[in-house]
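Peer 1: Would you mind keeping the following structure in view while I ask a few things?
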Amino acid sequence: MVSEVGNQLAELTSRLVQIDSVNPPGDVTKVVEFIKNWLSERGFSSSIYEYVKGKPNLIARVGKGKPVIILNGHTDVVPPGDLSKWTYPPFSGRIIEGKVYGRGSTDMKGGVAVIMMVFAELGPLIEKKGTGSLVFSATADEEVGGHAGVEALVKDNVLAGDAAIVAEPTGFDKYCIAEKGLSQVKLIARGRPAHGSLPLLGDNAIMKLIKAIEKAQDTVNEINRGIKLPQDLIEAINNSSRVYLEGALRSGLKLSEDDFRHTIGSVSFNPGVIKGGSKVNMVPDYAELELDMRVPPGVSPSNVIDKLRNTLSGLAEVKVLDTSEPNYTPSSERIIQLIREGIGKQGAEAKPIIMTGATDGRYLRLKGIPTVIYGPGELTLAHTYDEYVTVKDLVNTYNTIKYTVEKYLGLRQ
Ligand SMILES: [Zn+2]
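Just so you know, we're using my numbering here: the sequence shown kicks off at 33 and counts up by one.
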């Protein structure tokens, strides 16, 4: 049987899904209008911050003073892809047998619906007798990096607080305490051209690049042997490994939990693009590789690059393409403790996880705000066909987040 709050959450998620906010182009104006009206009908005012036209961010606050707890969700979604692969049209928001279907149901209009409901439910109470403030933020641009969304708001100090919950999909009994960072580089090998029939006259850039790739992998392996992780992060890596393993087994891959543990808990190594040479009968004088490495908390992305520069000197240049810092909120933080308690209250065992990709949570963490990623849906359903969120997950995460905010702002002993 679905509860009253379950019906409301399903209905609200469905209405949000029905508003197309595909990114690119990432125009979320209509979703933000809907949220603004929805809040206003319940007596809450909100402010709009639009750093890039068509990508407005909405912020609403209740209460006053510290501590400040932030609820955050993004309003953009990824494109639906091949429409013929959807059982129900991606923007139908169909509610069937305890599930809401459609693009963004899991990532993350379900999460936005949950935090809207928590804000509306607790707002009046916080105004009357809470200690501190609750900030609701619906932000743009996450699916393409969050630059016009959370990054800009944090930089502007518009989004600031003492703790934050980002309601990205983790499923109701899991919560995310960390995200890997990123070191993406280009290795460039240069040689000397010659006729292909007399290769000894040249210096083959492709052969140099192959040696450089092997050395780069050795260097990363050596960095990985030296990684030491705190206990709660090891637990998070183990839990995430199980989640990814289930998905891999379903698609018929023969992998073990240890394989995932190793990849998630260390610097991963993926040569993604290779180019070089111009003709079969010429010794190539140029070859390049684009290399993607994901870096766990405790390892510095620029350190990895410095080490590569050292070991590859003479073989290949190392050019930086992109870096971002790994980030982590320790389990000793109050926000993490409260989320754990909230999950526990509903009879489940709370499990920390780590994400291999990035969310907007990184901008909050890098600003020093203890942040937990926690919301309805399953990460493995994000960006897939027939994406859905269960009403049960909506209700359970709603209960956990509501509990956390109540405790955090002194509304509950
Ligand atoms: Zn998302």
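Glycine is no exception: its CB is placed at the ideal position from the N, C-alpha and C atoms.
Leaving out five residues on either side along the sequence, give the residues of the same chain with a beta carbon under 6 Å from the beta carbon of V305.
Peer 2: E322
Peer 1: In three-state terms, what does DSSP make of I51?
Peer 2: coil
Peer 1: Our contact map puts A92 next to F76 with C-beta atoms below 8 Å; I'd like the distance itself, whole angstroms only.
Peer 2: 5 Å
Peer 1: Cα separation between T355 and D338?
Peer 2: Each residue's alpha carbon lies about 13 Å from the other.
Peer 1: Between V299, G258, K399 and A42, which has its C-alpha nearest P126's C-alpha?
Peer 2: According to the sequence provided, residue 126 is Arg. The question's Pro does not apply to it. If we check each option's Cα against that of R126, A42 comes out closest.
Peer 1: Pull up the distance between the alpha-carbon of T82 and that of P316, whole angstroms please.
Peer 2: Reading off the sequence, residue 82 comes out as Glu, not Thr. For E82 and P316, the distance between alpha carbons rounds to 49 Å.
Peer 1: How far does the alpha helix (DSSP H) with N431 in it reach, from first residue to last?
Peer 2: V423 to Y440
Peer 1: Which residues bound the beta strand (DSSP E) around D324?
Peer 2: Y318 to V327
Peer 1: Measure from the alpha carbon of I266 to the alpha carbon of each residue in I296, D425 and N256, then state which is nearest.
Peer 2: It is I296.
Peer 1: Can you look up Q445 in the DSSP assignment and give me helix, strand or coil?
Peer 2: coil
Peer 1: Leaving out the 5 sequence neighbours to the left and right, which residues in its chain are closer than 8 Å to S272 when beta-carbon positions are compared?
Peer 2: F292, I296, I385, I386, M387 and T388
Peer 1: Can the beta-carbon of P408 be found closer than 8 Å to that of I367?
Peer 2: Not closer than 8 Å, so no.
Peer 1: Cβ atoms of E200 and M140: under 8 Å apart, would you say?
Peer 2: At a Cβ-Cβ threshold of 8 Å, M140 and E200 count as neighbours.
Peer 1: Sorted by chain position, which residues of the same chain lie with C-beta nearer than 7 Å to V336's C-beta, five sequence neighbours on each side aside?
Peer 2: Answer for V336: S215, I255, V299, M325 and V327, listed in chain order.
Peer 1: Alpha carbon to alpha carbon, how far is G258 from K424? Give it in angstroms, no decimals.
Peer 2: 43 Å
Peer 1: Near ligand 1, which residues have their beta-carbon less than 5 Å from any of its heavy atoms, given in chain order?
Peer 2: D139, M140 and E200
Peer 1: Could you check what DSSP says for E211 in three-state terms: helix, strand or coil?
Peer 2: strand
Peer 1: Quick check: what's the CA-CA separation for P329 versus N270?
Peer 2: Note on geometry: alpha-carbon atoms of P329 and N270 lie some 15 Å from one another.
Peer 1: Assuming contact is defined by CB atoms lying nearer than 8 Å, are V64 and L90 in contact in what I supplied?
Peer 2: yes
Peer 1: What is the DSSP secondary structure of H106, reduced to helix, strand or coil?
Peer 2: strand
Peer 1: Hey, how far is the Cα of T61 from the Cα of A221?
Peer 2: The alpha-carbon atoms of T61 and A221 are separated by roughly 47 Å.
Peer 1: Do D173 and A180 have their C-beta atoms closer together than 8 Å?
Peer 2: Contact flag set, yes.
Peer 1: Hey, could you find the ends of the beta strand (DSSP E) Y133 is sitting in?
Peer 2: Y133 -> beta strand (DSSP E) spans K131 to Y133.
Peer 1: Are there any heavy atoms of ligand 2 lying less than 7 Å away from the beta-carbon of D418, as far as the coordinates show?
Peer 2: Of the ligands one can find in the structure shown, namely ligand 1, none is ligand 2.
Peer 1: For I101, count neighbouring Cβ atoms within 10 angstroms of its own Cβ and tell me buried if that reaches 16, exposed if not.
Peer 2: buried
Peer 1: Only counting the same chain, and skipping five residues up and downstream in sequence, which positions put a Cβ closer than 7 Å to that of A244?
Peer 2: Spatial neighbours of A244 in its own chain (CB-CB distance under 7 Å, excluding positions within 5 residues in sequence) are listed in chain order as L219, A221, L344, L347 and A348.
Peer 1: Hey, would you say V37 sits closer than 8 Å to V427, going by beta carbons?
Peer 2: The Cβ atoms of V37 and V427 sit closer than 8 Å to each other.
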